[in-house]
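I have placed the structure first, in the form of structure tokens, so that the comments after it can refer back to it.
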Amino acid sequence: MRTTLIIGAGGVGRVVVHKCVQNADVFGKIVLASRTQSKCDEIASELPEAHIQTTTVDADNTQELIQLIQSCGADIVINVALPYQDLTIMDACIATKTPYLDTANYEHPDEAKFEYKLQWQRDDAFKEAGIMGLLGSGFDPGVTNVFCAYAQKHYFDEIHTIDILDCNAGDHGYAFATNFNPEINLREVSANGRYWENGAWIETKPMEIKMVWDYPEVGPKDSYLLYHEEMESLVKHIKGLKRIRFFMTFGESYLTHMKCLQNVGMLGIEPVEHKGQKIVPIEFLKTLLPDPASLGPRTKGKTNIGIVAEGVKDGKKRKIYIYQVSDHEKCYEEVKSQAVSYTTGVPAMIGAKLMLEGKWNGVGVFNMEEFDPDVFMDELNVQGLPWHINELEVE
Ligand code: NDP
Numbered sequence: 003m004r005t006t007l008i009i010g011a012g013g014v015g016r017v018v019v020h021k022c023v024q025n026a027d028v029f030g031k032i033v034l035a036s037r038t039q040s041k042c043d044e045i046a047s048e049l050p051e052a053h054i055q056t057t058t059v060d061a062d063n064t065q066e067l068i069q070l071i072q073s074c075g076a077d078i079v080i081n082v083a084l085p086y087q088d089l090t091i092m093d094a095c096i097a098t099k100t101p102y103l104d105t106a107n108y109e110h111p112d113e114a115k116f117e118y119k120l121q122w123q124r125d126d127a128f129k130e131a132g133i134m135g136l137l138g139s140g141f142d143p144g145v146t147n148v149f150c151a152y153a154q155k156h157y158f159d160e161i162h163t164i165d166i167l168d169c170n171a172g173d174h175g176y177a178f179a180t181n182f183n184p185e186i187n188l189r190e191v192s193a194n195g196r197y198w199e200n201g202a203w204i205e206t207k208p209m210e211i212k213m214v215w216d217y218p219e220v221g222p223k224d225s226y227l228l229y230h231e232e233m234e235s236l237v238k239h240i241k242g243l244k245r246i247r248f249f250m251t252f253g254e255s256y257l258t259h260m261k262c263l264q265n266v267g268m269l270g271i272e273p274v275e276h277k278g279q280k281i282v283p284i285e286f287l288k289t290l291l292p293d294p295a296s297l298g299p300r301t302k303g304k305t306n307i308g309i310v311a312e313g314v315k316d317g318k319k320r321k322i323y324i325y326q327v328s329d330h331e332k333c334y335e336e337v338k339s340q341a342v343s344y345t346t347g348v349p350a351m352i353g354a355k356l357m358l359e360g361k362w363n364g365v366g367v368f369n370m371e372e373f374d375p376d377v378f379m380d381e382l383n384v385q386g387l388p389w390h391i392n393e394l395e396v397e
């Protein structure tokens, strides 16, 4: 029987465990490891019939990870801890020749900057170990990359522009909270924006570029241009691309709170001295904010994430919109997590499933758009993330 090792027992980890149990014929025995044992046990107790094995691990420590992978005989490692742990977990997978998957690209804890460089650099080591590494198998990155590959395969000869559009219209009733890890979320949102045009990255001030987009099943929402990691790989892999941008919706209240926190220095990642103790402001803020996992039962409304691609097919201009809508309450009903964790955890499970089934197969380190999108798109429809395609008018 196969063994699947899941590292990270947060909001996304919970969804991955539930979904792997729903697909037990593929995933076999499940081992859940994280920093806090009680969090693993709580998830395991939601699925008593699955006999999930739980344990603790410090995923910043490669040696500990190697021992864990060897002792449980993992056939795959699904990394849903934090982006800070990507490299140590990848290195443990190389040492033990175990396939690897994650949902977010590496970030150094002391530098608010994320890029694929250090993960791509491990391509040769993955090749030498004869294993596959799948990077960014969440929703964005993840499904958005697959949507782009699907558009390229079936709808275009050449794609010229892509806008990735991410809307979370969920309401949790708090004045301010983040839907996933506050540290990661606030670092991403408060950073400068960036988009890619005609071969160069163009930097913008945080929240400088705004548009209103009418999201199906949600309605018109203010959407702000941000830098987002999937663009780094998509500019390499989508033929003829001239521009790619990423937009995310934010409500007035969220932005006002964030601006204020930023102005008073609460988003800082450098330690400050407080009454003889060193504290990192954004880490302290995380302690004050509601745990994203606790938002599940109180969040209502929908998410809508998709891509708009414009280009040419058979000499004619064309524009299509591929999107997926999830309902926070329905997600919670199924797996006890709100839609942001759900839409990340389901694609993580699907990516791992396709790897274990050999449907996505390779040796080295890969991004999602490098594989055949059709099998992934089919899985989305049956695993809880059905999608839609609309043909839009070309202006
Ligand atoms: P959480 O903070 O809820 O969970 C992270 C888990 O990792 C926690 O259980 C935490 O343990 C554990 N962890 C952190 N550090 C270590 C360590 N050193 N050793 C062992 N375990 C550790 O985050 P989420 O579940 O919301 O997010 C998980 C991942 O998914 C993140 O990488 C995030 O960036 C990514 N993500 C990707 C998205 C996408 O669409 N691609 C969207 C949303 C998230 P403890 O509880 O003890 O702190």
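Numbering (the working numbering), first residue to last: 3 to 397.
Using N, Cα and C, we set each Cβ at its ideal position, and we do this for glycine too.
So Q340 and G172 are supposed to be a Cβ contact under 8 Å. How far apart are they, rounded? Within the sequence shown, the letter at position 338 stands for residue 340. Within the sequence shown, the letter at position 170 stands for residue 172. About 7 Å separates the two Cβ atoms, so the contact holds.
Distance CB(A35)-CB(L7) smaller than 9 Å: The residue given as residue 35 occupies position 33 in the sequence shown. The residue given as residue 7 occupies position 5 in the sequence shown. Cβ distance < 9 Å, so A35 and L7 count as in contact.
Pairwise C-alpha distance: I271 and H110: Taking the first residue of the sequence shown as position 1, residue 110 is located at position 108. Taking the first residue of the sequence shown as position 1, residue 271 is located at position 269. A straight line joining the alpha-carbon of H110 with that of I271 spans about 11 Å.
Comparing the CB of I186 with every heavy atom of the ligand NDP, is any distance shorter than 8 Å? Your numbering for residue 186 matches position 184 in the sequence shown. Yes - the ligand NDP has a heavy atom lying nearer than 8 Å to the Cβ of I186.
Touching or not, the region 273-293 and the region 185-195, by the rule of three or more beta carbon pairs under 8 Å? yes
Determine, using beta carbons only, whether I309 and L167 come nearer to each other than 9 Å. Translated into positions along the sequence shown, residue 309 becomes position 307. Translated into positions along the sequence shown, residue 167 becomes position 165. Yes. Within cutoff.
Could you give the DSSP three-state label for A153: helix, strand or coil? Here residue 153 corresponds to residue number 151 of the sequence shown, with the count starting at 1. Residue state, collapsed to three classes: helix.
Residue from G140, M3, Y334 whose Cα sits closest to the Cα of A76: For the purposes of this step, residue 76 is taken as residue 74 along the sequence shown, with counting starting at 1. The residue with the shortest Cα to Cα distance from A76 is M3.
Would you mind listing the beta strand (DSSP E) stretches within the region 90-130 that are 3+ residues and don't spill past its ends, in chain order? 102-104, 113-116
Span of the beta strand (DSSP E), counted from its first residue to its last, around S36: Against the sequence shown, residue 36 aligns to sequence position 34. Residues 31-36.
Rounded separation between E205 and M250 - CA only: Taking the first residue of the sequence shown as 1, we reach residue 205 at position 203. Taking the first residue of the sequence shown as 1, we reach residue 250 at position 248. So the alpha carbons of these two residues sit roughly 16 Å apart.
H390 and R300 - do their beta-carbons sit closer together than 9 Å? Mapped onto the sequence shown, residue 300 falls at position 298. Mapped onto the sequence shown, residue 390 falls at position 388. No, they are not a contact pair.
For D88, which three-state DSSP category applies? Residue numbering aside, residue 88 sits at position 86 when the sequence shown is read from its first letter. Of the three classes helix, strand and coil, the one that applies to D88 here is helix, per DSSP.
Should L84 be listed as close to the ligand NDP, given that the test is whether its C-beta is under 8 Å from any heavy atom? Residue 84 sits at position 82 when you count from the first residue of the sequence shown. At least one heavy atom of the ligand NDP is nearer than 8 Å to the Cβ of L84, so yes.
Verify the contact flag: Q87, CB atom, against every heavy atom of the ligand NDP, threshold strictly below 8 Å. Within the sequence shown, residue 87 is the residue found at index 85, counting from 1. The answer is yes for Q87.
Alpha carbons only, please: which of G13, G30, T163 is nearest the one belonging to R320? Here residue 320 corresponds to residue number 318 of the sequence shown, with the count starting at 1. Comparing Cα-Cα distances from R320 to each of G13, G30, T163, the minimum goes to T163.
Under 9 Å between C-beta atoms of K41 and V337: Here residue 41 refers to the residue found at position 39 when the sequence shown is read from its first residue. Here residue 337 refers to the residue found at position 335 when the sequence shown is read from its first residue. It is not a contact, given that the beta carbons lie outside the stated cut-off.
Can we count F182 as close to the ligand NDP, meaning its CB is less than 8 Å from some heavy atom? One-based indexing of the sequence shown puts residue 182 at position 180. Taking 8 Å as the cut-off, the C-beta of F182 counts as close to a heavy atom of the ligand NDP.
Candidates T57, G303, L228: closest to F248 by CA position: To locate residue 248, count along the sequence shown from 1; it is residue 246. Comparing Cα-Cα distances from F248 to each of T57, G303, L228, the minimum goes to L228.
Any contact of the region 97-112 with the region 127-147, i.e. 3+ C-beta pairs under 8 Å? yes
Excluding the 5 residues preceding and the 5 following D329 in the sequence, name in chain order all residues of the same chain whose CB lies nearer than 6 Å to its CB. Residue 329 sits at position 327 when you count from the first residue of the sequence shown. Around D329: K304.
Check K41 in the structure and name its three-state DSSP category. Here the question's residue 41 lines up with position 39 in the sequence shown. In this structure, K41 counts as helix in the three-state DSSP scheme.
Selection from I71, V33, T57, S139 that minimises the alpha carbon distance to V367: Within the sequence shown, residue 367 is the residue found at index 365, counting from 1. Distance check between V367 and each of I71, V33, T57, S139 places S139 closest, using alpha-carbon atoms only.
State the Cα-Cα distance for the pair K277 and D224, rounded to the nearest angstrom. On the sequence shown, residue 277 is found 275 positions in, with the first residue counted as 1. On the sequence shown, residue 224 is found 222 positions in, with the first residue counted as 1. Rounded to whole angstroms, K277 to D224 spans 41 Å at the Cα level.
Pick helix, strand or coil for P294, following the three-state DSSP scheme. In the sequence shown, the residue the question calls residue 294 occupies position 292. It is helical.
Cβ-based neighbour list, P143, same chain, cut-off 6 Å, excluding 5 preceding and 5 following: Start at 1 with the first residue of the sequence shown, and residue 143 comes out as number 141. For P143, where only same-chain residues beyond five positions count, the Cβ hits under 6 Å are E231, E232.
On a CA-only basis, which of L394, L84, M260, C95 is nearest F116? Give me that one, please. If you number the sequence shown from 1, residue 116 lands on position 114. The shortest Cα separation from F116 among L394, L84, M260, C95 belongs to L84.
Which ranges would you report for the alpha helix (DSSP H) in the region 179-237 if only whole runs of at least 4 residues count? 184-192
Quick one: what does DSSP say M134 is sitting in, helix, strand or coil? Along the sequence shown, read from residue 1 onward, the residue named residue 134 stands at position 132. Strand.
Three-state class that DSSP yields for A177 in the structure shown: Within the sequence shown, numbered from 1, the residue matching residue 177 stands at position 175. A177: coil per DSSP, three-state reduction.
Output needed for E359: all residues of its chain with C-beta closer than 8 Å, excluding positions within five of it in sequence on either side, in chain order. Within the sequence shown, residue 359 is the residue found at index 357, counting from 1. V28, listed in sequence order.
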